[in-house]
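Below: the structure, in C-alpha cells.
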C-alpha cells in the first residue's frame, strides 16, 4: 500500500467510519479504524479518541509509529491503538476495523462462557479470505474486555496465535475487531462477520431453535 | 454556551430532531428537544408542541424563561417543558433530549415493576459522562407516566436526587429523557442509552437468556 | 381542503407513498393512498393500481367520483378504491392511507381470533385525534381479508359503526388502514399505529412477557 | 426486451444491485444480478464475480452466451452464472436476482429438513405473477447448497420442474433466487419474497406462535 497517497487512505477510512455510524455500528463515539501507511518505517493512521463517527473526516486521524508514538496529527490516538498495532504486526493486517453493533454485543455475551462461537455452513463465509466453500467452520473468539490496554493487547496476541485461522474476534460486551490485507478486504470481513452475528443472534431468538 | 450564536443552537437542535425522526425515535409528532441559551438571565429554547419532527426547522423553537413563560417564538412550547426546566436546573444540563423509540417503550414496561433497570458491564457505557470503565453499573430509573406536568416534574425531581449518578430516565410506556452539559454530550448520551435499551430488549427476546 | 391546489395534493401523496416504500411499508406494488379533492361534487384522488411505490409520482393518481368512476387520469384506480370511498364517507376522512408492513401483517394474524387488539397505556396514543391521555384503550379491529371489494367494503362499513372511536383497522394477513381529516393527521396516525404495532409485535417476542 | 438499449439494462441492474446492498441483502460481495439482452442469439448480462455491490456500476457486468462463455466485458462472470442460465432457459426469465439477506438465510435453515416452506394466506402474495388472491399457497423450495455449480444447476433444474409454480427458491444457508419476465417483475418478486421471509422468521420468533 506504499503507493497509495496518504490522504486517500484517510478519506477512505473516514468514509467507512461514517458508513459504520449510519448502520448503527459506531454510535456515541464508539468504534475505531486504522490502516498501515508504510511498513518501513512502520506508520499507522488511526482515529483520534472520542469522536462522533457520524462526522468523521480525514483530519481526525493521527499517524503513529510501531510503539504507538504520535508522529503527526492533532488530539490523542484512540485508546485501543495498542490492539491495532498487534493486529498490524501478527496478522500483517493493513486495515483494522473495530465496531460496536447491537448484535456483536449480544452474541459476545451469549458466547462468553465458551470463549467464542463456531459459525458454520453459511455461504457468506466464503467471502472471508482463504475460505473456498460454505463447508467451513469459523471460530470467532470472545475475549474478556479489559481497560488495561497493554494487558488486553497481550491477551489478544495469545488468542490470535491459538486461533491462527480466525478472521476476527469479539471483545465481551464491547464489539468486533476484524482486519484485512487491504481496506476492501477488511470492509468485506466486517460486513460478513456483522451479517453472521445478526444471523446467529436472530436464530437464537427463535424458540424452536434455541430450545433444541 | 453563551458564546454560541442563538440561531446556531436552533439549527443544531432541529438537525438532531430530524435525525431522531429518521431513526424512528420521534414519530407522529413525539419527542422534544431543548437547549439552554443563557443562564443569567435563564433562557431555554425548546420545540413547539405538536410538530412533525421530520420537518423540524429552527423557527419551530420557542424561548422560555425559568418558569416556562414564552419570551420569543410562535406557537405553544412543548407540554413537557416543565420537565426540561427541572433537568436544566437540577442537573445543570445545557441540552435535553426526549425520544420515543420502540425499544425504550418496550423496556420501560418490562422494568416498570422494579422502577428501573441496571445496565452493567458494557463498554458502550464508558461513553457516559464520568464513566471510566465497562465495569460500571448504570441505574436507569423508570418513572410512571403522568399527564399532570407539574406533578410529573416534581416526581422526576425527587427521582433525580435519589439517583444522582443517573444519565437519563425512562417514562413508563412513553420514552427516554437524557441530557448533557453540551449538545454533543447529550447526543452521545442519547445514542448510548438507545443502543443499550436495544441490547437489553433484544437480549430479553432470546429464550435461553430470558428463561434463565 | 378545497383551497389546496390539486397538484399539491398529489405531490404530497406521492412523497408520502415513496417514504412508506423506503420504510418497507409498501413493497412490491403494495399500499395505496388517497385524498379528497372536493366534497361537492365529491372527488377523490387515489393511486393507480400495480405501481412500484418507490417511484410514485403525481401523475400516478386518478380522480374518481363517489361511486369510484374515473373522472381523470390514466390507468386503473387501485382495486381497493371502494374501501377508501367508505372511509371518506363514514369517517369524513380527507386522507386515507393503506400500508403493508411486516409488523402489521404479523400482528393481524396474532389477533385474528379476537377480531382485533387493545393497545393501552402508551403515551404515543396521545397523538391520535381526540385522545388526551396515555390512559386510553385503543381498539384496533382486525377484519378478515376478502378479494370481493364490494363485500369487504360493506364488512368494513359495519365494523366502523361498531367501533366509532377506532383510528384505523387491520385487514388480516394484509395490512393497515388509517385516515385523518388532513394529510398531516393521517400521516401522524399512520406513524403512531405502525409504531404501536411494532411495539406489540416485539413485546410478544419476549418470552417472559408472552408466556405470562 | 430486444428493444431496450443495452446500456440501460446494465444501468438498471447496477441501480438494483446498489439498492439491495443498501437494504443489507448483498453485503460483503454477495449477491448477483442478470438480465437477458437477446434471445436469438442468446445473450445474458451478469455481474462479474467478487464485487462490492455498494459500488456496482454498469461496466461491472459481462455478457455471456447460453453456455456461459464470455462475449464481452472485463473480469470473470459470477460463479453462479450457471444457475442464472438455467432460470433464463427453463423459466423463460429475462431478469434473475440472487440475494443473501439475514431472513432468507435464517428461514432456509429452519425449513431445510422439509426441503421448503409453504407461505399461505397473505395479501402480499397477490403481487406474484399469476396469483389472483391471498387464498394462495406458495411453495418456496429450499435446495441444499453446493459449490459444484454444474451439479447445483442440475439439482435446481429438477426442483424447478417439480415445482412449476414456484416464483423463487432458497439455497440453504445461502440466500434467495427469484426472477421475472421483466426487470420490474423480478424486482417485485424479490421484494415480496424477502418481505414474506421476514414475516415468517419474525412470526417464528414469537413464543406463543412457535410453541403451538
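Residue numbers (this note's numbering), protein chains in the order written: chain A, 13 to 224; chain B, 13 to 224; chain C, 13 to 224; chain D, 13 to 224.
By construction, the Cβ of each residue, glycine as well, lies at the ideal position given by its N, Cα and C atoms.
6 Å CB neighbourhood of residue i in its chain, flanking five on each side removed
i                      : result
residue 175 of chain A : 151 and 153
residue 33 of chain D  : 65 and 66
residue 158 of chain A : 164
residue 24 of chain B  : 195
residue 13 of chain C  : With a pLDDT of only 42 at residue 13 of chain C, under 50, the local geometry of the prediction cannot be trusted, and the value read off the model is given with reservation. Excluding sequence neighbours, residue 13 of chain C sits near 106.
residue 118 of chain B : 213
residue 202 of chain C : 109 and 190
residue 148 of chain B : 137
residue 92 of chain D  : 44
residue 129 of chain B : 123 and 152
Distance CB(residue i)-CB(residue j) smaller than 8 Å
i                      : j                      : result
residue 182 of chain B : residue 90 of chain B  : no
residue 66 of chain C  : residue 43 of chain C  : no
residue 166 of chain B : residue 155 of chain B : no
residue 104 of chain A : residue 193 of chain A : yes
residue 21 of chain A  : residue 49 of chain A  : yes
residue 38 of chain B  : residue 127 of chain B : no
residue 139 of chain C : residue 200 of chain C : yes
residue 186 of chain C : residue 123 of chain C : no
residue 190 of chain D : residue 205 of chain D : yes
residue 70 of chain A  : residue 26 of chain A  : yes
residue 114 of chain D : residue 180 of chain D : no
residue 19 of chain A  : residue 217 of chain D : no
residue 86 of chain B  : residue 77 of chain B  : no
Test: residue i CB closer than 8 Å to a CB of chain B
i                      : result
residue 170 of chain C : no
residue 28 of chain C  : no
residue 196 of chain C : yes
residue 128 of chain C : no
residue 133 of chain C : yes
residue 16 of chain C  : Residue confidence is low: residue 16 of chain C scores 47 on pLDDT, short of 50, so the model does not pin down where it sits. No coordinate-derived value is stated.
Contact set between residue i and chain D, taken where Cβ atoms lie within less than 8 Å
i                      : result
residue 146 of chain A : 157, 159, 185 and 186
Cutoff 8 Å: residue i Cβ touching any chain A Cβ
i                      : result
residue 108 of chain B : no
residue 125 of chain D : no
residue 89 of chain D  : no
residue 64 of chain D  : yes
8 Å CB neighbourhood of residue i in its chain, flanking five on each side removed
i                      : result
residue 134 of chain A : 146, 208 and 211
residue 94 of chain D  : 80, 161, 162, 164 and 165
Own chain, CB closer than 7 Å to residue i, minus 5 neighbours either side, in chain order
i                      : result
residue 96 of chain A  : 46, 56, 58 and 108
residue 64 of chain C  : 41
residue 131 of chain B : 137, 150, 152, 208 and 212
Under 9 Å by beta carbon: chain C residues contacting residue i
i                     : result
residue 53 of chain B : Per Cβ cutoff of 9 Å: no residues; residue 53 of chain B is ~32 Å from chain C at best.
Interface partners of residue i on chain B, CB under 7 Å
i                     : result
residue 40 of chain A : 136, 139, 200, 203, 204 and 207
Contacts of residue i in chain D (Cβ-Cβ under 7 Å)
i                      : result
residue 114 of chain C : 207, 210, 211 and 214
Proximal chain C residues relative to residue i, where beta-carbon distance stays under 7 Å
i                      : result
residue 217 of chain B : 217 and 218
Listed by chain order, chain B residues near residue i by CB distance under 8 Å
i                      : result
residue 118 of chain A : 211, 214, 215 and 218
Short CB-CB distance (under 8 Å) between residue i and chain C
i                     : result
residue 85 of chain D : no
residue 32 of chain D : no
Legend entry - Every unbroken beta strand (DSSP E) within the segment 136-193 of chain A, with a cutoff of 3 residues, ordered by chain: Those beta strand (DSSP E) runs which fall completely within the segment 136-193 of chain A and span 3+ residues are 149-155, 180-183 and 187-192.
Legend entry - Contained alpha helix (DSSP H) runs [length at least 4] in the segment 78-105 of chain C, N- to C-terminal order: Uninterrupted alpha helix (DSSP H) stretches at least 4 residues long and entirely within the segment 78-105 of chain C occur at 93-102, given in chain order.
Inset, instruction - Could you pull out every unbroken beta strand (DSSP E) segment of at least 3 residues lying fully inside the segment 32-82 of chain A, listed in chain order? - result: Runs of the beta strand (DSSP E) inside the segment 32-82 of chain A: 44-51, 54-59 and 73-76.
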